Amino acid sequence: MRFDFESIVEPSVTANGCDLWGIDFIHGANTPILRVFIDAVGGATIEDCEKISKDLNYELPLDNFFAELDYTLEVSTPGVERKIYKAEQFDQFVGEKFSIKLKAPVEGKLTFKLIYKKFDSNLIFLDQDNNEYKFAFEDIDTCKLIPDFEKILRKENG
Numbered sequence: 183m184r185f186d187f188e189s190i191v192e193p194s195v196t197a198n199g200c201d202l203w204g205i206d207f208i209h210g211a212n213t214p215i216l217r218v219f220i221d222a223v224g225g226a227t228i229e230d231c232e233k234i235s236k237d238l239n240y241e242l243p244l245d246n247f248f249a250e251l252d253y254t255l256e257v258s259t260p261g262v263e264r265k266i267y268k269a270e271q272f273d274q275f276v277g278e279k280f281s282i283k284l285k286a287p288v289e290g291k292l293t294f295k296l297i298y299k300k301f302d303s304n305l306i307f308l309d310q311d312n313n314e315y316k317f318a319f320e321d322i323d324t325c326k327l328i329p330d331f332e333k334i335l336r337k338e339n340g
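Numbering (the numbering used here), first residue to last: 183 to 340.
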């Protein structure tokens, strides 16, 4: 059984005007780490991260799962090399390149660098040199955006 972190974390995130991008709960060197990634229209700020972190530091210990648990909380934006947590998150990145690691090999490969085209009928359509690939989202182990830094710099300077 997986613990539903989202139902506990999301209310604090949305109450502060942000969107929950994703959650990672990993084993740290000494204590588990709960990483909460937030986003907002126009981008989340350091102040947003601080407010949400304070709220969660108050709210989380009220839940039985966290009451006796020694853990580290980290709240941040997903950054430019953001990990994709839900299939619908792809839609804002049409034409962008992703590094994808599959749960099982396809054509003898586990990892691909592909350009996102569309999401339809639970399939993610991607392209590499005019070769189309389609994967079910649940067949993807991890997926991260490969940022186009030239495009980002043009946008910032533009």
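Think of the CB as a built atom: it goes at the ideal place given N, C-alpha and C, for glycine as much as any other residue.
These numbers were taken from a predicted model, which means no experiment stands behind them.
N- and C-terminal bounds of the alpha helix (DSSP H) containing residue i
i	result
Ala226	Neither: Ala226 is in no alpha helix (DSSP H) and is coded neither H nor E.
Ala249	Asn246 to Ala249
Glu338	Phe331 to Asn339
Limits of the unbroken beta strand (DSSP E) element including residue i
i	result
Val195	Where Val195 is concerned, there is no enclosing beta strand (DSSP E), although the alpha helix (DSSP H) it sits in stretches over Phe187 to Ala197.
Glu314	Asn313 to Ala318
Phe275	First-last for Phe275: undefined, no H or E at that position.
Ile266	Unbroken run through Ile266: none, as it is neither H nor E.
Asp309	Leu305 to Gln310
Leu255	Thr254 to Ser258
Asp323	Ile322 to Ile328
CA-to-CA distance, residue j to residue i, given in whole angstroms
i	j	result
Glu338	Leu251	42 Å
Cys200	Ile322	26 Å
Thr254	Asn212	10 Å
Leu327	Gly261	10 Å
Met183	Ile215	Low confidence applies here, because Met183 scores a pLDDT of 45, under 50, leaving its location unreliable; read the following figure in that light. Each residue's alpha carbon lies about 19 Å from the other.
Asp221	Thr259	6 Å
Phe280	Tyr240	36 Å
is_contact[residue i, chain C] using C-beta, thresh 8 Å
i	result
Gly199	Absent from the structure is chain C; it holds one protein chain and no more.
Cross-strand partners of residue i (DSSP beta bridge)
i	result
Lys291	Val288
Ser235	According to DSSP, Ser235 bridges with nothing at all.
Gly204	Phe219
Pro214	His209
Tyr298	Leu308
Proximity below 8 Å, CB of residue i to CB of residue j
i	j	result
Phe207	Phe187	yes
Val223	Leu238	no
Val276	Lys299	yes
Arg217	Ile205	yes
Quick one: any contact between the region 229-238 and the region 266-280, if contact means 3 or more CB pairs under 8 Å? no
Examine the Cβ distances between the region 271-289 and the region 240-249 and report whether three or more of them are shorter than 8 Å. Touching, no, given that fewer than three Cβ pairs across the two stretches are closer than 8 Å.
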